[in-house]
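Shown next, in structure tokens, is the structure this report addresses.
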């Protein structure tokens, strides 16, 4: 199926539970409201890592994030098909928000006493998603076929999470890994041809989630300070904001604009859907995971500026930034089949600095990471030509202005 065109007719909102088609590419206020509950979920992943600053705690936090991410990204696909604000549909979204809130509250004990409650909350969230998609695909055979396949992989994954609550340790973690593998592998197995997509909306939705995750890293800086302030903490806070700002820059200055345009220009149907699946549903998880790990590291640095980092927290801070950069490298390769050498080199240096972070003060480690990101931005900015300014200017134009420029041959 191809991209869904915006209708020129006014949309009729129904009071019954029916799927009204999306109009336009902009994210709606309800979608922004819906995404806010994801802020708490992401924050709770960082909290889980902070409460258990071990390799197993780090792995648990990332596994939980993977489950939450896949649950959320399904709704990004769903709202490319339906209008979430139409009639009773919004009530289903509110119910799904409540389920995600319960899941977020359970995150710190998702591998403990609240494991089953977490699985059931995620299950309700996913069932609401499948139900709405089923309604949306009632008159679309290809879409309905894809939704049925997704329902099967979803049911198996949620059942595995529920079963994992009866175990602990390695068996529990293994069931979580298996659940995630089946969830992420399902779309690869049953293909991408049947889905429908509004590319501009889809790209913007994922960009907003990256902003939400970066905002969570700012929150963790404040949480790490816990009401205390001296020169070292103030310096660490400023450097932490610098890290978050640099991570924003390397994505939103140009990458987000170029990738959104390439997605829009891809052939509607299988090609466009596969590109969206790979570069956004899959690879953006690395961006969010890198931000969450970095937030964990920043919180630790703020709380212990003079001490050196342990291996886990040094890996979280430096490896988190490296994971974010490597995600962007893979993102570009999926779109252009070329490598970004600057980001690859920066990521390699960050990974090489992890042992150094365990023997020097945490504040010094953060300063080095901030300086390296600043250098990366300077090098990349110096390598751009006038096409960067043109692209950014076009992105801020209204549709009418863009058409006028095109008519004039600009």
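In our numbering, the protein residues as written are 32 to 441. Ideal Cβ placement from N, Cα and C applies to all residues, glycine included.
Can you pull the DSSP bridge partners for residue i?
i: residue 339; result: 392
Count the other C-beta atoms from every protein chain shown that fall within 10 angstroms of the C-beta of residue i, then say buried if there are 16 or more, exposed otherwise.
i: residue 415; result: exposed
i: residue 325; result: buried
i: residue 252; result: buried
i: residue 258; result: exposed
i: residue 86; result: exposed
i: residue 412; result: exposed
i: residue 226; result: buried
i: residue 153; result: buried
i: residue 103; result: buried
State the DSSP-derived secondary structure class of residue i, mapped to helix, strand or coil.
i: residue 261; result: coil
i: residue 371; result: coil
i: residue 328; result: helix
i: residue 415; result: coil
i: residue 171; result: coil
i: residue 314; result: coil
i: residue 84; result: coil
i: residue 185; result: helix
i: residue 303; result: helix
i: residue 145; result: coil
i: residue 454; result: Here the chain comprises residues numbered 32 to 441, so residue 454 is not present and cannot be evaluated.
i: residue 289; result: helix
i: residue 179; result: helix
i: residue 226; result: coil
i: residue 216; result: helix
i: residue 44; result: For residue 44, the predicted structure reports a pLDDT of 43, less than 50, and the residue's modelled location is therefore unreliable. The matter cannot be settled from this model.
i: residue 356; result: helix
i: residue 268; result: helix
i: residue 284; result: coil
i: residue 138; result: helix
i: residue 381; result: helix
i: residue 118; result: coil
i: residue 297; result: coil
Return the Cβ separation of residue i and residue j in integer angstroms, given the expectation that the two are a contact with Cβ distance under 8 Å.
i: residue 194; j: residue 408; result: So it is not a contact: roughly 46 Å between Cβ atoms.
i: residue 348; j: residue 340; result: 7 Å
i: residue 142; j: residue 177; result: Wrong, their Cβ atoms sit about 32 Å apart, outside the cutoff.
Segment contact, 8 Å Cβ cut-off, at least three pairs: the region 327 to 341 with the region 290 to 297
no
Any chance the region 259 to 278 sits against the region 300 to 308, with 3 or more Cβ pairs inside 8 Å?
no
Determine contact between the region 189 to 205 and the region 163 to 173, defined as no fewer than three beta-carbon pairs at a distance below 8 Å.
no
Is the number of C-beta pairs between the region 58 to 72 and the region 125 to 135 that are closer than 8 Å three or more?
yes
Examine the Cβ distances between the region 368 to 381 and the region 395 to 410 and report whether three or more of them are shorter than 8 Å.
yes
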